[in-house]
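Structure first, commentary second.
Residue numbers (our numbering), protein chains in the order written: chain P, 87 to 566; chain W, 87 to 566.
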């Protein structure tokens with residue numbers, strides 16, 4: 087007999103059919119009611135055992151965590167909270183779960199700390215919270231691809247191992263084939279990288295942008311969606327050493343079109359999840375509600391999770407220039423009362439998380455796109471404005487998250503780009519190919535990067551970025 | 087005015103509309119006919135300039151490679167091979183391309199060697215061949231996601247940086263934050279990895295399978311699609327040091343279901359490309375035809391590119407046990423006449439590419455799934471058969487490609503798995519979490535890995551794997 091998923095059975099209207107379903111026992115009550123989950127949905131299906139006619143030894147093996155195969159009849163449910171259940175005719179134990187061993191793990195059905203769940207990351211996907219987060223993550227990923235493919239973008243896999251260290255987005259991990267402390271030296275006594283695997287020093291990419299630009303200037307509209315790396319010793323709830331990034335890049339788009347794209351894109355993927363992950367979002371909304379009850383009233387969110395997602399989808403992002411933002415910040419209460427850790431004094435200051443959150447959460451109370459930042463605090467490849475001191479940069483700021491997107495119109499003028507690189511001591515030989523793109527039919531183009539895990543954080547209402555990726559990589563942690 | 091893509095204009099039936107289109111000049115003939123391409127399609131649109139009323143200085147700047155913005159009227163085309171063209175009212179040069187500089191590059195419109203194109207990989211996407219390959223690659227990627235998402239699979243991002251070196255699929259690159267040759271030592275004089283970024287030795291993953299298994303045993307059906315790495319010094323047309331791999335893993339699937347999945351999956355993605363990439367495939371089919379004309383008759387393919395794709399979609403893959411395959415090979419002509427480099431003598435021999443190709447290309451003349459390999463030549467995690475000497479492994483072999491897929495039913499029995507690991511000196515502490523999955527509700531499960539670039543090779547008819555990924559990573563090469 088064909089095996090049905092729990093999701094299929096719960097949606098089925100064909101009552102009285104004989105079914106087979108396989109999954110893991112979440113609970114077994116009164117020697118009678120198995121809550122069976124197979125990961126296809128947050129919901130378990132109730133399987134009712136005829137315990138009087140079932141072997142006692144078998145009943146004893148129906149423990150939380152065990153894998154079972156159940157044959158039975160799909161019937162209307164007598165209980166609350168479910169429309170159908172399975173009247174069991176046969177239970178087969180596929181894999182036991184010793185209750186004493188289970189009691190030592192997070193499979194034990196009770197509330198565990200998120201920290202403990204992290205230590206058992208190989209089992210946490212069998213909990214409701216993590217299976218919901220990971221299904222939403224999967225749906226978001228697909229929405230990303232669907233949005234771009236439907237809008238004429240081509241997916242580009244930019245290299246993970248890079249010979250360039252001029253990407254300028256952060257500290258990089260080294261990649262090597264040398265044995266540790268045994269790299270060969272050349273005649274000058276320096277490390278002879280020509281003998282390493284790639285014949286040169288290589289690193290893990292921090293961004294695929296520069297390579298994506300070369301592809302946009304051929305295919306028109308492209309996007310990347312792949313892992314990127316930062317060797318930064320940041321032990322925060324918002325940073326990972328390995329994370330997934332989405333980077334669209336579009337020929338002929340200026341900064342306004344780039345802002346439009348980022349807003350349209352984010353709204354699309356959130357709407358997709360609202361449409362396709364109803365059960366998981368409702369579960370996560372309740373989880374968040376419970377979590378917030380432990381906080382003081384003032385720190386609780388005014389909106390529920392789903393309300394927050396709807397709010398983003400239904401409202402325009404506020405577009406504010408850096409200069410306007412500085413004016414707002416300079417004159418705001420927390421600045422005047424010296425409540426900010428970094429006081430805003432002068433135009434040119436780099437905005438910290440506290441400032442971004444003030445603008446988004448207190449002042450505008452909606453997602454904000456800041457643009458036209460001082461050139462000094464932004465990367466070399468951003469297009470210089472006519473004023474000579476600002477660049478066509480943009481950051482999309484989200485409540486609770488801070489920077490969700492960072493992007494810019496790119497400097498397409500060869501001479502200006504060369505000057506900028508010279509001023510920053512970036513050797514032209516390093517980026518000859520990047521400069522070439524400005525030599526042969528250069529044009530206005532723009533793009534942005536969106537840290538995928540921050541999007542998952544926002545969408546699921548989780549508060550630690552380690553809880554929205556299967557096996558997080560952070561300082562001192564590469565377990566599993 | 088809204089800018090239209092070339093693809094939109096060529097498909098438009100709204101004649102006489104005023105349009106704006108931006109792109110790169112592929113050719114400019116008779117001071118009159120611009121062939122304009124923007125990467126949205128393999129086809130260029132013809133833009134007809136009223137040269138008598140156009141400034142001479144401007145006409146001189148309409149060179150191959152230049153970026154231009156064109157306003158005009160969409161009209162029925164007088165020429166052959168296109169239905170519409172643009173009657174130009176205004177040309178704006180966005181970015182020049184100096185003909186003398188262009189002549190030094192592959193942008194020069196003539197036939198270039200693929201090797202030269204590789205050296206200018208940042209420009210090759212502006213050629214017809216590479217833009218077609220990359221659009222097909224993008225479509226294949228999307229088809230992969232669409233297939234799995236429509237079939238109830240969840241996308242899982244397994245870690246790229248791994249602390250485990252027991253994945254057993256090949257040599258690994260090291261990832262470190264230590265300065266080369268300056269790693270600190272502990273009191274015993276050994277490298278003190280506890281001081282490295284992750285507090286231990288780390289590598290780039292060779293496979294996400296083991297982690298994907300842990301997720302399948304919670305979410306049921308999962309797949310990965312991400313970069314994987316091999317530090318092997320293989321300078322062949324079929325190997326990359328960095329490549330993208332697709333790895334589905336399914337709880338409760340046995341090897342038969344796994345074979346069904348691999349066949350169904352491959353047919354779906356090829357059908358998707360046949361349905362969605364007609365123009366690009368026709369171009370690539372012609373390219374291949376031209377290439378094959380330079381070969382002796384005997385080496386030419388009997389089928390055209392599109393015929394080959396249709397053949398795979400329309401026919402069953404032949405399923406053959408390793409033991410049957412050995413019988414066929416032992417008794418085949420090339421073995422008896424000692425034409426094979428490695429003669430097949432005894433059961434247990436590892437099959438080489440020449441044997442796989444004989445089976446697929448000469449004997450069965452269709453994709454072949456070989457299964458039930460000798461345990462000795464396969465990985466530790468594959469399920470041992472009752473005979474005690476074979477494992478539930480499978481390889482899908484393709485004409486011209488060899489191994490497209492490698493997979494297996496996984497060993498779900500804790501005791502058997504532990505024995506296997508002990509025999510191979512794999513420490514249990516390394517894979518405690520992998521073993522845990524067998525302790526708590528273990529069950530039959532299966533999966534496979536498909537090298538994405540090999541799929542792109544087969545689909546596009548290209549012959550070197552370096553030509554189906556934007557920036558290939560191979561021994562001594564990490565340029566761009």
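All C-beta atoms, glycine included, are put in the ideal place defined by N, C-alpha and C.
Distance between residue j and residue i (C-alpha atoms, nearest Å)
| i | j | result |
| --- | --- | --- |
| residue 283 of chain P | residue 370 of chain P | 46 Å |
| residue 510 of chain W | residue 435 of chain W | 19 Å |
| residue 474 of chain P | residue 179 of chain W | 24 Å |
| residue 219 of chain W | residue 281 of chain W | 44 Å |
| residue 174 of chain W | residue 547 of chain W | 37 Å |
| residue 50 of chain W | residue 202 of chain W | In the structure as shown, chain W begins at 87 and stops at 566. Residue 50 of chain W is therefore absent and cannot be evaluated. |
| residue 431 of chain P | residue 181 of chain W | 41 Å |
| residue 433 of chain W | residue 482 of chain W | 20 Å |
| residue 199 of chain P | residue 380 of chain P | 14 Å |
| residue 386 of chain W | residue 378 of chain W | 6 Å |
| residue 480 of chain W | residue 461 of chain W | 12 Å |
| residue 237 of chain P | residue 323 of chain W | 34 Å |
| residue 439 of chain P | residue 224 of chain P | 28 Å |
| residue 398 of chain P | residue 332 of chain P | 19 Å |
| residue 183 of chain P | residue 334 of chain W | 25 Å |
CB contact check: residue i to chain W, cutoff 8 Å
| i | result |
| --- | --- |
| residue 325 of chain P | no |
| residue 277 of chain P | yes |
| residue 286 of chain P | yes |
| residue 559 of chain P | yes |
| residue 188 of chain P | yes |
| residue 260 of chain P | yes |
| residue 233 of chain P | no |
| residue 529 of chain P | yes |
Residue-chain proximity (residue i, chain P), Cβ-Cβ < 8 Å
| i | result |
| --- | --- |
| residue 220 of chain W | yes |
| residue 317 of chain W | yes |
| residue 208 of chain W | yes |
| residue 283 of chain W | yes |
| residue 565 of chain W | yes |
| residue 619 of chain W | Here chain W comprises residues numbered 87 to 566, so residue 619 of chain W is not present and cannot be evaluated. |
| residue 263 of chain W | yes |
| residue 124 of chain W | yes |
Simplified DSSP assignment, three categories, for residue i
| i | result |
| --- | --- |
| residue 298 of chain W | helix |
| residue 531 of chain P | strand |
| residue 157 of chain P | strand |
| residue 458 of chain W | strand |
| residue 193 of chain W | coil |
| residue 488 of chain P | strand |
| residue 479 of chain P | strand |
| residue 236 of chain W | helix |
| residue 356 of chain W | helix |
| residue 179 of chain P | strand |
| residue 468 of chain P | strand |
Candidates the options: closest to residue i by CA position
| i | options | result |
| --- | --- | --- |
| residue 495 of chain P | P/336, P/522, P/208, P/207 | P/336 |
| residue 528 of chain P | P/163, P/541, P/501, P/547 | P/501 |
| residue 470 of chain P | P/277, P/404, P/432, P/503 | P/503 |
| residue 393 of chain W | W/360, W/385, W/407 | W/360 |
| residue 539 of chain W | W/399, W/444, W/314, W/151 | W/314 |
| residue 466 of chain P | P/441, P/328, P/508, P/447 | P/508 |
| residue 365 of chain W | W/141, W/554, W/215 | W/215 |
| residue 299 of chain W | W/169, W/498, W/251, W/326 | W/498 |
| residue 519 of chain P | W/205, W/295, W/129, W/562 | W/205 |
| residue 251 of chain P | P/555, P/296, P/453, P/320 | P/296 |
For residue i, the residue or residues it bridges with in DSSP
| i | result |
| --- | --- |
| residue 362 of chain W | Looking at the DSSP assignment, residue 362 of chain W forms no beta bridge with any residue, so it has no partner. |
| residue 90 of chain P | P/107 |
| residue 309 of chain W | W/241, W/334 |
| residue 536 of chain W | W/332, W/491 |
| residue 389 of chain P | Per DSSP, none; premise fails for residue 389 of chain P. |
| residue 405 of chain W | W/455 |
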